[in-house]
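Asks: Got a structure for you, written out below as structure tokens; questions coming shortly.
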Amino acid sequence: MDWEALLGSFVPTPTGLSLLDAAPTGIFRSPLFWTWIALLAVMIGLECTIIHIGIRSSPALLWLVLLVDAVAWVLVRRALKWRYPI
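See the structure below:
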């Protein structure tokens, strides 16, 4: 799921690359965009940590932080879609 989110902006669309289409809107200077990227990086890092520790032996706190991060990631993504409808 995360790899789809990370690479989803680079998938070609009928109008070209959506990431390149977003450049004139100013989305790359937006704090929301950088918050979304940071949340995505934390999510990928947590998933790698949980896999490295072991799925069954990882602390419940890591799973809770991963859940909270995923919810925050979705909310920030929705805010970006609302602010920059591309």
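Note that our numbering gives residue 70 to position 67 of the sequence shown, counting from 1, and the numbers run on in steps of one. Even glycine gets a Cβ: it sits at the ideal position worked out from N, Cα and C.
Taking C-beta to C-beta, are residue 35 and residue 79 nearer than 9 Å?
Replies: yes
Asks: Taking its Cβ as the centre, do 16 or more other Cβ atoms sit within 10 Å of residue 49, making it buried, or is it exposed?
Replies: buried
Asks: On the three-state DSSP scale, how would you describe residue 57?
Replies: coil
Asks: Within a Cβ cutoff of 8 Å, which residues of the same chain sit near residue 61, ignoring the five residues on either side of it in sequence?
Replies: So the qualifying residues of the chain are 52 and 53.
Asks: My understanding is that residue 39 touches residue 67, with C-beta atoms under 8 Å, so please give their C-beta distance in whole angstroms.
Replies: Their Cβ separation, rounded to whole angstroms, is 21 Å, which puts residue 39 and residue 67 out of contact at 8 Å.
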